[in-house]
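Take a look at the structure below.
In the working numbering, the protein residues as written are 3 to 674.
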C-alpha cells in the first residue's frame with residue numbers, strides 16, 4: 003500500500019509506553035501501522051528487537067507480517083512474529099520439553115474420538131459431522147474455561163458428552179499429546195502456578211503487539227494480560243465491526259472493554275479507507291450503524307465517489323446464476339480480468355449450482371473454501387442406494403444404507419451375506435407376519451422406483467417411502483434443526499430435475515465430483531480466475547468487483563441466528579463482505595430458492611436507509627402510503643404525516659427499514 007502516513011497512523015506508531023488500542027476499519031492500513039510501530043520502537047525508542055513480540059491469528063499472516071517487516075528493515079530481525087498457538091507452544095516447549103511430535107495430529111484426533119464414540123450406542127448417520135461438532139464443543143469448554151459439570155451438550159446426552167470429553171482427555175495425557183486448545187490451557191495453568199517462569203517470559207517480551215485483536219478469546223486474553231505485566235505495553239490493533247468468529251470462541255466485547263481493563267489506554271482511530279469508493283464505504287456504514295455494541299466511527303475515503311451500489315432481487319438461483327455469468331463475461335469483454343471479480347456468500351454449500359454453471363461456460367474459478375460435495379453427503383448416499391436397489395443391485399452395503407431409514411426394525415443379522423435376496427429376508431422373519439409385510443412393502447416400493455425419472459423417484463422416496471419423516475425423527479434425536487437436513491434433501495432432488503434417466507444423473511455426479519477434486523488440487527494454480535468465497539474466508543481480501551449473492555432472510559442473516567448477539571455477528575459478516583469491494587458492488591437477493599419463497603434480507607433495507615437520517619422534517623417515500631414527512635421520532639417509532647391520505651401514522655422504524663418499506667426522498671443516486 004503506497005501512501006503517506008496519515009495523522010491517525012502517526013499517532014498510533016509514535017505511541018510511547020503503556021497500553022494502546024488502535025481501531026482499524028477495513029482498508030485503513032493496519033499492517034503498515036504494526037510494522038512501522040515495531041520499527042519505531044527499535045529505531046526511535048531504543049528497544050531491543052528481541053524484547054518485541056508481534057502476534058497474529060494465522061500462520062500465513064505471521065509469515066506475511068514478518069516478510070513485510072524484513073523488507074522495511076532491510077533484512078532479518080530478532081523480533082518474534084507468531085500466532086497465539088506458536089507463542090504459547092514455545093513457552094511449553096521450554097517448560098515441559100514438548101516437541102512437534104507431542105502435538106495431536108488431525109487424523110489422530112479423529113481416530114481417538116471415533117474409537118470413543120463407538121463404545122456408546124449412538125445412532126449417528128454422519129460420523130465425521132458428529133466428530134466435528136463434538137470437537138467444537140470440547141474446544142469451547144477449554145477456551146472459555148467452562149466447568150464440565152455445568153456444560154450441556156447440543157449434540158448428545160450430557161452424561162455421554164462428559165464421558166467422551168474425559169476419555170478423550172485421558173487418551174491425550176496417556177499418549178503425552180496435546181491438542182491446539184491444550185496449548186492455551188497448559189500455558190495459562192503454567193503461568194498461574196509458576197511465577198518464576200512467568201517472570202522470565204515477562205522479561206523477554208516487554209512490548210507486545212497484537213493484530214486482529216477483535217478475534218481474541220477469553221483464555222488468550224487472560225494469558226496475554228499476565229504476560230504483559232507489569233508495564234502493560236500492549237499495543238492492540240483491530241476492528242470490532244469485523245469480529246466474525248464467535249463460533250470459535252472469539253469475544254468482541256474483550257476489545258470493546260479494553261479501555262475499562264486498562265484505564266490509561268490510549269485510543270486511536272484509523273478513519274481513512276484507502277480501499278473502497280465513497281458510495282461503498284457509506285453503504286457499509288449505514289448497515290453497521292444498526293449494531294448497538296460497537297465503537298462509533300466516522301470513516302472517510304480517498305478513492306472518490308465511485309459508481310452506485312447495485313441492488314437486485316432475482317426470481318431464483320437459475321436467474322441469479324445467469325445474471326452472474328453475463329456479468330463475468332461482460333467484464334472480461336470490456337478488458338477486465340477474471341481475478342478482478344469475487345462472488346461472496348454466507349455458507350460454503352450455497353454455490354453448488356453456480357459452480358456447475360461456471361464449469362459449463364468454461365469460466366476459470368477458484369474457491370477459498372472446500373465446497374462440500376453434496377453427492378457425498380450421507381443423505382445423497384441413502385437416496386442413491388435406494389435407486390441402486392431399485393435398478394437391480396442386491397449388495398449388502400446398499401441394504402445397510404437404507405434398511406432402517408425409515409425404521410423397519412430389520413436386524414444386521416438378517417443382512418449377513420454379500421448379496422441379499424428378499425426371499426432370504428422373508429425366510430429369516432418367517433414367524434413374524436408384521437416383518438413380512440414391511441419387507442414386501444420395501445420390495446414393492448423398489449419396483450415402483452425402477453421406472454421413474456430421478457426427480458420423481460426422489461420425491462417418492464421422501465414422501466411415499468417416508469424418508470423425509472425419518473429425517474425429522476433423526477434431527478430430533480440429534481438435537482439439530484430438521485431444516486438443515488431437509489434443505490440438503492431438497493437440493494439433491496433439485497439437482498436431479500433436468501435428467502431423464504438414472505444413468506444420465508449418475509454420469510453428471512461423476513463429472514461434478516471429478517471437477518471438484520481437480521479444483522482442490524489446482525486451487526492456487528490459476529491466478530486469473532473468479533474468486534468464490536464465504537464471507538468468513540473473504541476477510542482481509544479485496545477485489546475490484548464484488549457480488550454478494552442470496553442476501554435473504556434465513557441465509558444472510560442465517561436462520562440459526564436468533565439472539566441479538568447472533569444477529570449482530572451476522573451483520574458484521576455482511577459488513578465484511580461489503581467492504582471487500584474496491585470499485586463496484588452488487589447485492590443480489592432471491593424470490594425463491596429450492597422451491598421455497600424467500601424474504602429479502604433486512605440488511606438490504608439497512609443498506610438503503612440510514613436509520614440515523616430518519617429525523618423530523620425529513621421527506622420519505624413509503625411503499626404503500628406514498629410520500630410523507632417525518633413529524634417526530636419516539637425511540638424506535640416514526641410519526642409520519644402522509645400527504646396522499648392526509649393522515650398521521652405511527653410506524654415501527656426497524657420494521658420499515660428491514661422490509662424496505664421506506665426510503666429517503668432525496669438520493670436514489672447512491673443505489674440502483
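Using N, Cα and C, we set each Cβ at its ideal position, and we do this for glycine too.
Small disclaimer: the values here were computed from a predicted structure and weren't measured.
One or two residues paired with residue i in a DSSP bridge
| i | result |
| --- | --- |
| residue 548 | 344 and 587 |
| residue 664 | 624 |
| residue 338 | Paired residue(s): none; residue 338 is not in a bridge. |
| residue 55 | 82 and 210 |
| residue 536 | 347 |
| residue 595 | 598 |
| residue 565 | According to DSSP, which records beta bridges pairwise, residue 565 is partnered with nothing at all. |
| residue 501 | Paired residues: none, contrary to the question. |
| residue 577 | DSSP lists no partner for residue 577. |
| residue 105 | 180 |
| residue 188 | DSSP, once it has assigned bridges, lists no residue as partnering residue 188. |
| residue 397 | 421 |
For residue i, three-class secondary structure by DSSP
| i | result |
| --- | --- |
| residue 369 | strand |
| residue 83 | strand |
| residue 22 | strand |
| residue 671 | Its pLDDT being 42, under 50, residue 671 is placed unreliably in this model, and the value from its coordinates should be taken loosely. Coil. |
| residue 412 | coil |
| residue 560 | strand |
| residue 607 | helix |
| residue 554 | strand |
| residue 9 | helix |
| residue 631 | strand |
| residue 44 | helix |
| residue 421 | strand |
| residue 653 | strand |
| residue 494 | helix |
| residue 638 | coil |
| residue 659 | helix |
| residue 363 | coil |
| residue 100 | coil |
| residue 643 | strand |
| residue 582 | coil |
Proximal residues to residue i (C-beta, below 8 Å), its chain only, five neighbours per side dropped
| i | result |
| --- | --- |
| residue 420 | 397 and 398 |
| residue 352 | 551, 552 and 557 |
| residue 209 | 43, 49, 53, 54, 55, 235 and 237 |
| residue 289 | 573, 576, 577, 580, 605, 608 and 609 |
| residue 17 | 39, 237, 268 and 270 |
| residue 433 | none |
| residue 19 | 233 and 235 |
| residue 660 | 604, 607 and 608 |
Close beta carbons around residue i, own chain, < 7 Å, minus the five adjacent residues each side
| i | result |
| --- | --- |
| residue 557 | 348 |
| residue 145 | 183, 186, 219, 220, 221 and 251 |
| residue 260 | 23, 238 and 267 |
| residue 484 | 473, 474 and 477 |
| residue 8 | 274 |
Within-7 Å CB hit, residue i to chain B
| i | result |
| --- | --- |
| residue 634 | No chain B appears in this structure, which consists of one protein chain only. |
Spatial neighbours of residue i in its chain, beta-carbon cut-off 6 Å, leaving aside the 5 residues before and after
| i | result |
| --- | --- |
| residue 628 | 646 |
| residue 644 | 627 and 630 |
| residue 254 | 216, 242 and 245 |
| residue 470 | 464 |
| residue 211 | 36, 56 and 237 |
| residue 621 | 631 and 667 |
| residue 24 | 14, 239 and 270 |
| residue 541 | 578 |
| residue 589 | 313, 550 and 553 |
| residue 126 | 132 |
Mind listing, in chain order, the continuous beta strand (DSSP E) runs of no fewer than 3 residues lying wholly within the stretch 441-486?
Assignment of beta strand (DSSP E) within the stretch 441-486, counting only whole runs of 3 or more residues, yields no such run.
Only counting runs of 3 or more residues, tell me where the beta strand (DSSP E) segments fall wholly within the stretch 219-304, in order along the chain.
236-240 and 268-271
Give, in chain order, every unbroken run of the alpha helix (DSSP H) that is at least 4 residues long and sits entirely within the stretch 107-181.
108-119, 129-145 and 160-176
For the structure I just gave you, are there three or more beta carbon pairs, one from the stretch 86-94 and one from the stretch 160-178, closer than 8 Å?
no
Whether or not the stretch 496-503 and the stretch 449-456 are in contact is what I'm after, with contact meaning three or more pairs of Cβ atoms, one per stretch, closer than 8 Å; do they touch?
yes
Does the stretch 271-285 come close enough to the stretch 17-30 to have 3 or more Cβ pairs within less than 8 Å?
yes
Count the CB pairs spanning the stretch 66-74 and the stretch 106-115 that are closer than 8 Å, and state whether there are at least three.
no
For the pair the stretch 89-102 and the stretch 443-450, tell me if three or more CB-CB distances fall below 8 Å.
no
Please give the ranges of any alpha helix (DSSP H) in the stretch 306-338, keeping only runs that are unbroken, at least 4 residues long and fully inside the region.
319-335
At a cut of 8 Å, does the stretch 333-344 reach the stretch 294-304 through at least three beta carbon pairs?
no
Counting beta carbon pairs with one atom in the stretch 370-379 and one in the stretch 509-519, are three or more of them shorter than 8 Å?
yes
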